[in-house]
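A.B. asks:
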Amino acid sequence: MAIGLIAAVLVAGTTAFLVARHRAGGGQGVAAFREARAFAVSSELKQIDGPYGLLLGDSQMERLHLPTLCGHPAVNAAIAGTRISGLRAVADWIALPRPPEVVVVTIGTNDLTQRQRSGRDTAAEQFRGEARALFADLVPRARRVVATAVPPFDAARPGVGKFYDVAAAPAYSAILSEECARAGCRFVDAFADLRDAAGTGRSPDGVHLGLDSAARDRIAARLEEVACPDPAAQSR
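In structure tokens form, the structure reads like this:
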């Protein structure tokens, strides 16, 4: 029991250290946090018998409670703050016990910050290059890959335009669609029902999705429409 208690304390301490490093924003700390998260996801995947789905992306996906997809368990491996370059690293670190039935990718919000966009004429093309590489990596590893459009912003919300290049979001969604098609995956605007004023008005901050069970179910239905090979296999 004493050994088990010591081990638990060490694990908790390591986790706390990694989270602190992640929040501090240090480059090596962020990488360490992502690697630790990928290790945890890999361990979770080993405990699933049979088919499963894998959810990848940033905080938009991390906040989405989607325990099943196409009637199978769905493991959420998304990490808040991730850009598309970081997502490639996370996906590479995750050890898949067998090919997922479907991998869903939601990415782009953090690539649209003014910090990433301002004064960088090549930002969109760099995003395209990362998207091309990401889908090329993922498609051979899964039965199906689904990419979503960049979730909606509430441009009228104070401060959103200051921190995000909202006008560039459709172009980034188009890049994801084009590169997804190039690699042989499927693209969907899973958040189409949340792009009107009523939908964006429910966002807590103008950036993240305003989620409740009804919104979650609509997103899941749109995902399953393109992700599930047989409508009878859909969980909703």
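Heads up: the sequence shown is residues 0 to 235, going by numbering that gives the first Met the number 0. Glycine included, C-beta positions come from ideal geometry on N, C-alpha and C.
(1) In angstroms, rounded to a whole number, what distance separates the CA positions of P50 and V103?
(2) First and last residue of the alpha helix (DSSP H) that includes G85?
(3) May I have the straight-line CA-CA distance separating F16 from P228, to the nearest angstrom?
(4) Which residues mark the beginning and the end of the beta strand (DSSP E) in which F303 is found?
(5) Does the beta carbon of A170 come closer than 7 angstroms to any beta carbon on chain C?
(6) Which stretch, first to last residue, makes up the alpha helix (DSSP H) that contains F162?
(7) Enumerate in chain order the residues of its own chain whose CB-to-CB distance from C179 is below 6 angstroms, with the five nearest sequence positions on each side excluded.
(8) Using a Cβ-Cβ cut-off of 7 angstroms (strictly less than) and excluding sequence neighbours within five positions of A236, which residues of its own chain qualify?
(9) In this structure, how does DSSP classify F190 when only helix, strand and coil are distinguished?
(10) Between the region 187 to 207 and the region 34 to 48, do at least 3 Cβ pairs fall closer than 8 angstroms?
(11) Of all the options I78, L210 and P96, which has the alpha carbon lying nearest to the alpha carbon of A31?
(12) Does the beta-carbon distance from I174 to A130 come in below 7 angstroms?
(13) Quick one: is F126 buried, meaning 16 or more other Cβ sit within 10 Å of its Cβ, or exposed?
(14) Would you mind stating whether P96 and R142 have Cβ atoms separated by less than 7 angstroms?
(15) Output needed for R116: all residues of its chain with C-beta closer than 7 angstroms, excluding positions within five of it in sequence on either side, in chain order.
(16) Measure the beta-carbon distance from R237 to L222 and round it to whole angstroms, keeping in mind my assumption that it falls under 8 angstroms.
(17) So, at 7 angstroms on beta carbons, what are the nonlocal neighbours of H207 in its own chain, with the 5 sequence-adjacent residues on each side left out?
(18) Could you check whether A226 and V101 sit closer than 7 angstroms to each other, using their CB atoms as the reference points?
(19) Tell me whether the beta-carbon of S41 lies closer than 7 angstroms to the beta-carbon of I93.
(20) Kindly indicate which three-state DSSP category T199 falls into: helix, strand or coil?
C.D. replies: Checking against the coordinates, here is how it stands:
(1) Approximately 15 angstroms, taken between the alpha carbons.
(2) In the DSSP assignment, G85 falls within the alpha helix (DSSP H) that extends over I83 to W92.
(3) Low confidence applies here, because F16 scores a pLDDT of 33, under 50, leaving its location unreliable; read the following figure in that light. Rounded to the nearest angstrom, the two C-alpha atoms are 42 angstroms apart.
(4) No statement about residue 303 is possible, as the shown extent of the chain runs from 0 to 235 and does not include it.
(5) Looking at the structure shown, chain C is missing, and only one protein chain is on hand.
(6) Its alpha helix (DSSP H) spans residues V159 to F162.
(7) Once the five neighbours on either side are set aside, the close Cβ partners of C179 are F134, A146 and F186.
(8) It is not possible to answer for residue 236, since the shown part of the chain is limited to 0 through 235.
(9) DSSP places F190 outside both helix and strand once states are collapsed to three, so it counts as coil.
(10) Output reads no: the region 34 to 48 does not touch the region 187 to 207.
(11) The residue with the shortest Cα to Cα distance from A31 is I78.
(12) Between I174 and A130, the gap from beta carbon to beta carbon is short of 7 angstroms.
(13) Counting Cβ neighbours within 10 Å, F126 comes out buried, since at least 16 surround it.
(14) Taking a C-beta distance under 7 angstroms as the contact criterion, P96 and R142 do not qualify as a contact pair.
(15) Within the same chain, R116 has close Cβ partners A122, D164 and A167.
(16) This structure leaves residue 237 out entirely; the chain is present only between 0 and 235.
(17) Same-chain partners within the cutoff: S58, Q59 and R62.
(18) Contact flag set, yes.
(19) Result yes, Cβ atoms of S41 and I93 sit closer than 7 angstroms.
(20) DSSP places T199 in helix when its eight states are reduced to three.
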